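Engineer: So the protein lines, in turn, are chains A and B.
Here the first sequence stands for residues 546 to 1126, numbered as in our numbering.
Here the second sequence stands for residues 20 to 231, numbered as in our numbering.
Even for Gly, the Cβ is constructed at its ideal location relative to N, Cα and C.
Note that the structure is predicted; figures quoted are calculated from it, not measured.
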Amino acid sequence: MDPFQIQKPPTQFDVAIVGSGAGGGMAAYTLAKAGAKVVLLEAGGYYDPADPKYITQLKWPWESPRRGAGTTRAFGDFDAAWGGWDIEGEPYTTAKGTEFHWFRSRMLGGRTNHWGRISLRFGPDDFRRKSMTGVGQDWPIGYDDLKPFYDRVDRLIGVFGSVENFPNEPDGIFLPAPKPRLHELMIRKGARSIGIPVIPSRLSMLTKPINDERGSCFYCAQCGRGCQAYADFSSSSVLVKPAMKTGNVTLINGAMVREVITDPATGLCTGVSYVDTQTLQEVTIKAKSVVLAASAGETARLLLNSKSSRFPTGLANSSGVVGKYINDSTGASRSAFVPALMDRKRYNEDGVGGMHVFTPWWLDNKKLDFPRGYHIEYWGGMGMPAYGFGWGVEALNGMIAARDGSKKPGGGYGAGLKDDYRRFYGAYVGMAGRGEPVPLESNYCEIDPNVVDKYGIPVLRFNYKWSDYEVKQAKHMQDTFEEIIHSMGGIALGEKPGADNSYGLEAPGKIIHEVGTSRMGNDPKTSALNKFQQAHDVKNLFVVDAAAFPSQGDKNVTWTILASSMRTSEYLIDQVKKKNI
Amino acid sequence: MKRRDSLKALSLTGFGLAVGPTEAAVPAPPDVKPLKIPGGRQKFEAERDAKLMAEKFFTPHELQTVTVLSDIIIPADERSGSASQAGVPAFIEFMMKDQPRNQTPMRGGIRWLDNTCTKRYGKQFVQCTKAQQIDMVEQIAYPALAKPDMTQGASFFTLMRNLTASGFFTSQIGIKDLGYVGNTPNQWNGVPDDVLKQYGLAYEERELNPGK
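1. Taking the alpha-carbon of residue 1015 of chain A as reference, which of A/641, A/985 and A/989 has the nearest alpha-carbon?
2. Along the chain, where does the alpha helix (DSSP H) containing residue 136 of chain B start, and where does it finish?
3. Please report the distance separating the alpha-carbon of residue 516 of chain A from that of residue 645 of chain A.
4. Start and end of the alpha helix (DSSP H) containing residue 69 of chain B?
5. Please list the terminal residues of the continuous alpha helix (DSSP H) segment that includes residue 1104 of chain A.
6. From the DSSP output, read off the bridge partner residues of residue 1007 of chain A.
7. For a quick check, are the C-beta atoms of residue 161 of chain B and residue 953 of chain A less than 9 angstroms apart?
8. Quick check on DSSP: helix, strand or coil for residue 227 of chain B?
9. Does residue 591 of chain A have its Cβ less than 9 angstroms from a Cβ in chain B?
10. For residue 209 of chain B, I'd like the list of residues in its chain whose CB is within less than 7 angstroms of its CB, leaving aside the five on either flank, ordered along the chain.
11. Mapping the DSSP letters down to three states, classify residue 856 of chain A as helix, strand or coil.
12. Determine, using beta carbons only, whether residue 203 of chain B comes closer than 9 angstroms to chain A.
13. Would you mind telling me which residues of chain A sit closer than 7 angstroms to residue 209 of chain B, beta carbon to beta carbon, in chain order?
14. For the putative contact between residue 903 of chain A and residue 1035 of chain A, defined by C-beta atoms under 8 angstroms, what is the C-beta separation to the nearest angstrom?
15. For chain C, find out if any of its Cβ atoms is closer than 9 angstroms to the Cβ of residue 765 of chain A; answer yes or no.
16. DSSP on residue 726 of chain A, reduced to helix/strand/coil?
17. In the DSSP output, which residue or residues are listed as bridge partners for residue 997 of chain A?
18. For the region 746-812 of chain A, list the alpha helix (DSSP H) runs that are entirely contained and at least 4 residues long, ordered along the chain.
19. If you reduce the DSSP assignment to three classes, tell me which class residue 832 of chain A lands in.
20. Tell me, please, which residues DSSP counts as bridged to residue 1080 of chain A.
21. Using 8 angstroms as the Cβ pair cut-off and three pairs as the minimum, do the region 751-761 of chain A and the region 631-644 of chain A touch?
22. Where does residue 827 of chain A fall in DSSP's three states?
23. Which residues in chain A have a C-beta closer than 9 angstroms to the C-beta of residue 191 of chain B? List them in chain order.
24. Using a cut-off of 7 angstroms between C-beta atoms, extract the partners of residue 92 of chain B located in chain A.
25. Any idea what DSSP makes of residue 654 of chain A, helix, strand or coil?
26. Within 9 angstroms (strictly less), CB to CB, does residue 229 of chain B reach chain A?
27. Would you mind telling me which residues of chain A sit closer than 7 angstroms to residue 160 of chain B, beta carbon to beta carbon, in chain order?
28. Please list, in chain order, the residues of the region 921-948 of chain A that have any C-beta partner in chain B closer than 8 angstroms.
29. Which class does residue 567 of chain A belong to by DSSP, given the choice of helix, strand or coil?
30. What distance in whole Å lies between the Cβ atoms of residue 774 of chain A and residue 792 of chain A, which are believed to be in contact at a cut-off of 8 angstroms?
31. Chain A partners of residue 129 of chain B, CB-CB under 7 angstroms?
32. How many Å lie between residue 163 of chain B and residue 109 of chain B at the Cα?
33. Does residue 40 of chain B come out as helix, strand or coil in the three-state DSSP assignment?
34. For residue 73 of chain B, decide whether its Cβ has a neighbour in chain A, counting only Cβ atoms nearer than 9 angstroms.
35. Under the three-state reduction of DSSP, which class applies to residue 217 of chain B: helix, strand or coil?
36. Run down chain B in chain order and give the residues with a C-beta less than 7 angstroms from the C-beta of residue 1130 of chain A.
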């Protein structure tokens, strides 16, 4: 068989969608429901969390020889994400003196299979930060443009939460929120006593059933493993499956899209070319429109690799902004031991897969020395033990008196140590800030001139450095964490991160929220897409992942990806009906 | 060697050819039985696990040392069994292969322990009396108090303690001991009343009567 033979399926599809995560899944769902013939291309394999072939939910740590350690999966053996920051044969590079870690999930549904399901709407201010602070970039749309779509996403997918009327934290159409766990009540009481709000979290998990296709949550705390009841949101279970039931979707797994094909005469897309990851054959798919949803990094890579004589700097890139302004959430964290929680009564407090409460951004940046906010996520409680359990006890047990009141030095062995582990179980809490960075032109990804992946596709080279804005924000996080820990009578663990390590600010890419590489805007000279996420340069090319976002708010972006993908998909349908494309 | 064979050898090596005839350079793949991939694992993971399971890292002496140490760290008591009864030595053996960065600290640590015991008691650690073993462990079990000639041993013992605790409390015996009762379908209806009372906490009205 000639590996370079090019296969051409006879069909021409209405739309080719690249990527099956939040953006691609929603586009496939919306377009297929409207009757469009869709081909959905996913680089990874098929995945269904209800198929025993794939189930990791409700497994015990001893069912893994490494007890769930993260040797081959970054978040552990039972995590649903196939892939990670390093994938064999799929390298990326970083420019000297800069750092970026690029997490990829190669599977149906992409990174929505293991994410935290934190489903926050952007608030009105999140669309106009430049106007408010002078730095960054405004969006070409505002909250009112997206609100109807957020509402529909809430109803279609399901999200729990509570009506709070909190500034810049719009309420949604919520399912009931689960009650806080014990440590969450303690955090709330402590934090509120020092003026820091703590409210029910907003996660896309079904605390009540919303339709016949999906079950409701059975409180195992394992959303990150994929839910066999489909009671949480992942694009594969909640969008792609019903989209396929319409009969209008052709799903092709193992399709690593290499290039968007354009007609040199018209400059319009005619389809995409992909490498079949099993056979390594090159396949071309014809489509009347192309929708990119490959993730901020992959979408930029695909556009930059789709060079032609008509588009010498890559597709949709006459502005030169493709790849620029990449920005990930900031992240910093601290954990603590809460002596009051020692020797706890045991009961099942697994709850949902994540925190039941969180802290939205509550301060005014005008009064601070950094221009953007952050929210705080919390963890703790009597969770299922996994690899790492008990690690580092020597730094703690010297501070805590034994049952008989006696003190011993940290570390130890024997019956006393064994008892310490029992007594300390469930007495730890942790918190992490997730903040908004200022998108900078100097942070960008580009095609590495020297490196290709195993499919022969040129790879991305990242150039990313945090600025002083983000470092100062991380400092504020660390101060806040200590205040919260002390307010609840906790002992902060480890050294407080200081200036020498940028206050514990995680390296770019570690929070896996990167956005912004083909941003939308009204000016084609400074943006790749218009306000409907349609390429300024190519009217039948759309981007429905977070590559389109000029900024990312102090929120997680998935809910905004879903709402904007629905909006863009309906715009596409409308434009086809009006015969504009 | 026949002349023709030696010429052949020359042609492959002496003339600096990097690649010989393709059929020779690429041996046929070995005839392996197809691997059954357990549920929830990717193929490459199942293959990797099978390969690691088939390898051995510890010598019998090392495994014996790890077993004795793990039972000193987590002995049996009235509530549950010991580390070795919970399968901790086999878990540590696997982790050495799974995360090779721990191999040198572990193997070297065992050597350090034997060297030090030989100096102190004239015997390797596992041959020492129980009292001598405990006397040795006392020197390295409290990192902040370890004397200057014991600090490397303290680092090794910390690694052993951490691996032992992780292995024990992720085993069936350890999880039962700990009293973890989750990982099963259920309903979460909040912290039990007696626990709320114990901590002087209460739910808000809207949490008790949602929808009001």
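Structural biologist: Let me spell this out:
1. For the purposes of this step, residue 1015 of chain A is identified with residue 470 of the first sequence, where counting begins at 1. The option with the nearest alpha carbon to residue 1015 of chain A is A/985.
2. For this step, residue 136 of chain B is matched to residue 117 along the second sequence. Taken as a continuous stretch (DSSP letters only), the alpha helix (DSSP H) holding residue 136 of chain B covers 122-140.
3. Nothing in the structure corresponds to residue 516 of chain A, since chain A is present only between 546 and 1126.
4. By one-based count along the second sequence, residue 69 of chain B stands at place 50. Unbroken alpha helix (DSSP H) run through residue 69 of chain B: 62-73.
5. In the first sequence, counting from the first residue as 1, residue 1104 of chain A sits at position 559. From DSSP, the alpha helix (DSSP H) with residue 1104 of chain A extends over 1103-1122.
6. Walking along the first sequence from the start, residue 1007 of chain A turns up at place 462. Per DSSP, A/639 and A/990.
7. Along the second sequence, one-based indexing puts residue 161 of chain B at 142. Along the first sequence, one-based indexing puts residue 953 of chain A at 408. Result yes, Cβ atoms of residue 161 of chain B and residue 953 of chain A sit closer than 9 angstroms.
8. Along the second sequence, read from residue 1 onward, the residue named residue 227 of chain B stands at position 208. Here residue 227 of chain B sits in helix by DSSP.
9. Taking the first residue of the first sequence as position 1, residue 591 of chain A is located at position 46. No, no contact with chain B.
10. One-based indexing of the second sequence puts residue 209 of chain B at position 190. Once the five neighbours on either side are set aside, the close Cβ partners of residue 209 of chain B are 222.
11. What you label residue 856 of chain A is simply residue 311 of the first sequence in a count that begins at 1. Residue state, collapsed to three classes: coil.
12. Residue numbering aside, residue 203 of chain B sits at position 184 when the second sequence is read from its first letter. Closer than 9 angstroms to some Cβ of chain A, the Cβ of residue 203 of chain B qualifies, so yes.
13. Looking up residue 209 of chain B in the second sequence gives position 190. The contacting residues are 724.
14. Walking along the first sequence from the start, residue 903 of chain A turns up at place 358. Walking along the first sequence from the start, residue 1035 of chain A turns up at place 490. Actually they are not in contact, since the Cβ atoms of residue 903 of chain A and residue 1035 of chain A sit about 18 angstroms apart, beyond 8 angstroms.
15. Reference to chain C is not applicable here, since the protein chains of this structure are A and B.
16. For the purposes of this step, residue 726 of chain A is taken as residue 181 along the first sequence, with counting starting at 1. Residue state, collapsed to three classes: coil.
17. Numbered from its first residue, the first sequence carries residue 997 of chain A at position 452. According to DSSP, residue 997 of chain A bridges with A/1003.
18. 786-790
19. Position 287 of the first sequence, counted from the start, is the residue given in the question as residue 832 of chain A. Reduced to three states, the DSSP call for residue 832 of chain A is strand.
20. Mapped onto the first sequence, residue 1080 of chain A falls at position 535. DSSP lists A/1074 as partners of residue 1080 of chain A.
21. no
22. For the purposes of this step, residue 827 of chain A is identified with residue 282 of the first sequence, where counting begins at 1. It is a strand residue.
23. By 1-based counting over the second sequence, the position of residue 191 of chain B is 172. Result: 605 and 607.
24. Looking up residue 92 of chain B in the second sequence gives position 73. Simply 958 and 962.
25. Indexing the first sequence from 1 puts residue 654 of chain A at position 109. Coil, per DSSP.
26. Residue numbering aside, residue 229 of chain B sits at position 210 when the second sequence is read from its first letter. At least one chain A Cβ lies under 9 angstroms of residue 229 of chain B.
27. For this step, residue 160 of chain B is matched to residue 141 along the second sequence. In chain order: 956, 957 and 958.
28. 927, 928, 929, 930, 931, 932, 933, 934, 935, 936, 937, 938, 939 and 943
29. Sequence index remark: in the first sequence, residue 567 of chain A carries index 22 (1-based). Looking at residue 567 of chain A - three-state DSSP - the assignment turns out to be helix.
30. Sequence index remark: in the first sequence, residue 792 of chain A carries index 247 (1-based). Sequence index remark: in the first sequence, residue 774 of chain A carries index 229 (1-based). The pair is not a contact, with the Cβ atoms about 25 angstroms apart (cut-off 8 angstroms).
31. The count along the second sequence starts at 1 and reaches residue 129 of chain B at position 110. By Cβ distance, chain A contributes nothing, its closest Cβ being about 16 angstroms from residue 129 of chain B, past 7 angstroms.
32. Start at 1 with the first residue of the second sequence, and residue 163 of chain B comes out as number 144. Start at 1 with the first residue of the second sequence, and residue 109 of chain B comes out as number 90. Cα to Cα, residue 163 of chain B sits roughly 30 angstroms from residue 109 of chain B.
33. What you label residue 40 of chain B is simply residue 21 of the second sequence in a count that begins at 1. In this prediction, residue 40 of chain B has a pLDDT of 45, which is less than 50 and means its spatial position is unreliable; what the coordinates show is noted afterwards. Residue 40 of chain B: coil per DSSP, three-state reduction.
34. If you number the second sequence from 1, residue 73 of chain B lands on position 54. Residue 73 of chain B does not count as touching chain A.
35. Walking along the second sequence from the start, residue 217 of chain B turns up at place 198. Helix, per DSSP.
36. No statement about residue 1130 of chain A is possible, as the shown extent of chain A runs from 546 to 1126 and does not include it.
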